[in-house]
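Please read the structure below before turning to the comments.
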Amino acid sequence: NTIRAACEPIFDQPMEKINFGEMLLFIFDSARRFNLRMQPSLMLLQKTLVNIEGLGKQLYPALDFWSIANPFLKEWIADRYNPKKIAEWAKRNSMGWLEKARKLPEIADSALEQVSKLEEYQTASEERHNELMGRLHNQGRLTLILILIFIFMVIFLIIK
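The opening residue of the sequence shown carries number 23 in the working numbering; numbering runs sequentially from there.
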């Protein structure tokens with residue numbers, strides 16, 4: 023829906039009616055709304071779109087991107103999602119998938135073991151933290167007592 027909302031206003035529009043700046047602001051706002059981090063490659067693409075907009079409006083304002091790009095996009099989509107190519111890709115990668123599937127129980131066991139060790143470490147860490155906080159509290163009391171003794175000694179020496 024967000025992609026559609028960004029692209030529909032420019033669909034079938036000549037270059038002179040397209041405002042890439044507004045589209046980019048919409049994309050930035052959408053990314054912010056969904057807490058997405060903007061990738062550097064996407065930032066470069068957006069910078070390129072702004073440059074194309076400026077140059078395109080100067081050279082050929084009536085240019086219709088969609089009519090020019092449509093045959094290329096159709097060919098690219100047909101090639102990318104060609105069932106025969108997908109089947110070949112699956113066949114090439116099936117041995118790797120089987121190998122990974124064979125290792126899944128071992129990986130799951132290792133993950134559970136690591137979680138258990140992490141829980142033990144967390145418990146030990148909490149105990150150590152509590153012990154250190156107790157020592158710090160005791161040292162604070164000792165420091166306060168020593169300061170008070172020092173103050174009383176100074177007062178005693180001044181009075182005497």
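Every residue gets a Cβ at the ideal spot worked out from N, C-alpha and C, and that includes glycine.
Query, Result
"Span of the alpha helix (DSSP H) around K256", "Absent from the structure is residue 256, since the part of the chain shown begins at 23 and ends at 182."
"Element boundaries [alpha helix (DSSP H), containing P93]", "87 to 102"
"Distance, D86 Cα to E75 Cα", "12 Å"
"Reduced DSSP secondary structure (H/G/I, E/B, other) of P83", "coil"
"Rounded separation between A130 and P62 - CA only", "35 Å"
"Beta-carbon contacts of F56 that lie in its chain and below 7 Å, excluding the five residues immediately before and after", "none"
"Cβ neighbour criterion (16 or more within 10 Å) applied to M45", "buried"
"Candidates V176, P36, E148, of which the one nearest W88 by Cα", "P36"
"Sequence-distant residues of its chain with Cβ nearer than 8 Å to F174 (five each side left out)", "none"
"Among T24, S138, M155, nearest to I49 - alpha-carbon criterion", "T24"
"Between the CA atoms of R54 and I40 - distance to the nearest angstrom", "23 Å"
"Own chain residues within Cβ distance below 8 Å of S132, not counting five before or after", "none"
"Buried versus exposed call for F42 [16 or more other C-beta atoms within 10 Å across all chains shown]", "buried"
"Continuous alpha helix (DSSP H) stretch holding D51: start and end", "42 to 55"
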